[in-house]
Each structure stands twice: as structure tokens, then as C-alpha cells.
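Going by the working numbering, the first residue of the sequence shown is number 1, and it counts up by one from there. Heads up, the beta-carbon is just placed ideally off N, CA and C, and yes, glycines get one too.
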Amino acid sequence: AVLYLYCFNQSGGGTMMNLDRVTSAWNWRISGTGCDRLRLWWADRPSATPWGANPIPNATMGQWYAVDITALYNAWQSGTYPNFGVQFRPVNYSANNFNEFYSADYAGDLSLRPKLVITK
Numbered sequence: 001a002v003l004y005l006y007c008f009n010q011s012g013g014g015t016m017m018n019l020d021r022v023t024s025a026w027n028w029r030i031s032g033t034g035c036d037r038l039r040l041w042w043a044d045r046p047s048a049t050p051w052g053a054n055p056i057p058n059a060t061m062g063q064w065y066a067v068d069i070t071a072l073y074n075a076w077q078s079g080t081y082p083n084f085g086v087q088f089r090p091v092n093y094s095a096n097n098f099n100e101f102y103s104a105d106y107a108g109d110l111s112l113r114p115k116l117v118i119t120k
């Protein structure tokens, strides 16, 4: 199982990231901080725990970023963990470097939305 994300922008050359397994359900438009119900704020993120080998390499702007989540997918399928998704977070918060990926609701080129490819 490989998660593909399209990196459309970076600041400061991007950054290496950690991959976390989200451990709780959430609805940021209802249970967020109240700062702004129109955007997702880092303070509104759900609880999560590190997953797999961290950190993972930096993305390349204008390219697909492939992350192997086979072990996590199998844990979801077996019922070992509930599937609340994943989150990426920068290794170094103070560097002000970031990667931007298109989301599932991206309305531009639909072929650039994230995709999960599962091979048997």
C-alpha cells in the first residue's frame, strides 16, 4: 500500500517529515480551537503516535511523493488499529520550512489529488 501525494509548493526547500498514525476520530469544524472554523489549524490536529521509520525523506516540489504504508494498512485491515488516517509533521518546526500537498478536495486538476495504491 503506497500513499501518493503531489507536492505543489515548498518553503525553504521543504523539510523531512515524520509520519504518524492518527489515533482518534475528529471533526475540526466542530471541535477545533475556535480560531477559525474555515481552515484547519495545527492546534486542531487529532491525537497521533509515530509510525514506522521516521523521519521520512523530503518531498520534491512538482513531483509525486510516495510513502509506503503497507504495514499500517495491514494493521487497519486486521483490526489491530482503527483507521483514523495519517498525519505528516515536520522534523524541525523552528526552521520554517514546509511542504504543501494537494488534498482530497482539491478542485483544480483532479488527477493531482492524493491516492492510495494497493497491490496484492
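Identified DSSP bridge partners for residue i
i	result
MET17	ILE56 and PRO90
LEU112	None, per the DSSP bridge assignment.
TYR4	ALA66 and LYS115
For residue i, the three-state DSSP class (helix, strand or coil)
i	result
ALA48	strand
ASN9	strand
ASN99	strand
ALA75	helix
ALA66	strand
Pick from the options that is closest to residue i, judged by C-alpha positions
i	options	result
SER24	TYR6, THR119, LEU116 and SER47	SER47
GLY85	PHE101, TRP26 and ASN9	TRP26
ASN97	PHE8, TYR4 and GLY12	GLY12
GLN10	TYR102, LEU110, ARG45 and TYR106	TYR102
ALA95	PHE8, MET16, LEU5 and ALA1	MET16
TYR81	MET61, TRP51 and ALA43	TRP51
Buried/exposed call for residue i, threshold 16 Cβ in 10 Å
i	result
GLY14	buried
ASN99	buried
ALA59	buried
ASP20	buried
VAL117	exposed
Expected contact under 8 Å - CB spacing of residue i and residue j to nearest Å
i	j	result
TYR106	TRP64	Not confirmed; about 14 Å, so no contact.
VAL91	LEU3	No, VAL91 and LEU3 are not in contact; Cβ-Cβ is about 18 Å, not under 8 Å.
GLN87	VAL22	6 Å
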